[in-house]
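For the sequence shown, counting from 1, position 235 maps to 298 in the working numbering; every step adds exactly one.
Using N, Cα and C, we set each Cβ at its ideal position, and we do this for glycine too.
First up is the structure itself, then whatever we jot down about it.
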Amino acid sequence: VERRFIKYGSVNLLKEGSSDYSNRYIFLFDDICVITKKIMGKSAKSKKPFQYHSTINLNSALVENTEVYNGKPLPNAFSVISMENKRKYTFITQQPEHKKIWLEKFRDRMKELLWNGAATPSTILTQSTPPASPQQKVRQTLGLDKTVSSDSIIKPVTQIKKKDEDDEGTERETVEGFEPPPWDPDILCFECKSCYSKFTPTQRKHHCRNCGHIFCNKCTLKRAFLPRYGLTKKKVRVCERCFLSH
64 VERRFIKYGS VNLLKEGSSD YSNRYIFLFD DICVITKKIM GKSAKSKKPF QYHSTINLNS
124 ALVENTEVYN GKPLPNAFSV ISMENKRKYT FITQQPEHKK IWLEKFRDRM KELLWNGAAT
184 PSTILTQSTP PASPQQKVRQ TLGLDKTVSS DSIIKPVTQI KKKDEDDEGT ERETVEGFEP
244 PPWDPDILCF ECKSCYSKFT PTQRKHHCRN CGHIFCNKCT LKRAFLPRYG LTKKKVRVCE
304 RCFLSH
């Protein structure tokens, strides 16, 4: 199977535990992200303008919005956590819109890998009695699971029922002959798709019944019938964009 190219661009890569950074070029493919350094000066005339740095396997990675790093605000930063490399890569873009595009590209790829069964189940956490798995220990080492006990384990995606976190508390509606787009996995979403506010225990996640993306409550206040999906008896939660285009 041929690897599909998605996007490339220039970003600044922060050094772990430091405010220092280096310019890097990242190449996003359908299953990996390759980090490179652009060769400058006389060496730039060679047939290889980029020097390899590292590769992130998207099958075992998470992406998150990073607004604060080491106590300092970084509005243009986002991070990719690699379970395989046991490292958190924090990138800084030139403009906020560039960050938004990169976040969407990474999340679209990870969502597709997860739904196709290519992604490892390391992104689904649940409480149980056995000891923590290696992937879980990596997350705890990176400070990603401070509220998750050492008894947590990884559970396969197929064993987790997709449920919305909103107050309606119902599993996704399905009508024979109608198939809405797949829902974004909760574990891959750290902030609202529209306003980018971060999710917390009080700022909960809500799926739009039309597009399947995850938003905050403020951005999913609208309700609408969705006849094309067979949802005509009761108005359901939709985002602002889907409501306006409905």
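One or two residues paired with residue i in a DSSP bridge
| i | result |
| --- | --- |
| residue 286 | 300 |
| residue 153 | 142 |
| residue 128 | 141 |
| residue 88 | 73, 99 |
| residue 169 | Answer is none; residue 169 lacks a bridge partner. |
| residue 117 | 98 |
| residue 294 | 289 |
| residue 278 | 269 |
Buried or exposed (CB count within 10 angstroms, at least 16 for buried), residue i
| i | result |
| --- | --- |
| residue 172 | buried |
| residue 133 | exposed |
| residue 291 | exposed |
| residue 101 | exposed |
| residue 296 | exposed |
Element boundaries [beta strand (DSSP E), containing residue i]
| i | result |
| --- | --- |
| residue 158 | Element bounds for residue 158: n/a, residue is neither H nor E. |
| residue 273 | Careful: residue 273 lies outside any beta strand (DSSP E) and carries neither H nor E. |
Simplified DSSP state of residue i, which is helix, strand or coil
| i | result |
| --- | --- |
| residue 253 | coil |
| residue 147 | coil |
| residue 96 | strand |
| residue 262 | coil |
| residue 164 | helix |
| residue 122 | helix |
| residue 135 | strand |
| residue 82 | coil |
| residue 306 | helix |
Residue i Cβ short of 7 Å to the ligand NAP heavy atom set
| i | result |
| --- | --- |
| residue 137 | Questions concerning the ligand NAP fall outside what the structure shown contains, since it holds no ligand whatsoever. |
CB contact flag (residue i, residue j, <8 Å)
| i | j | result |
| --- | --- | --- |
| residue 271 | residue 283 | yes |
| residue 253 | residue 127 | yes |
| residue 156 | residue 162 | yes |
| residue 168 | residue 247 | no |
| residue 269 | residue 300 | yes |
| residue 98 | residue 125 | no |
| residue 138 | residue 159 | yes |
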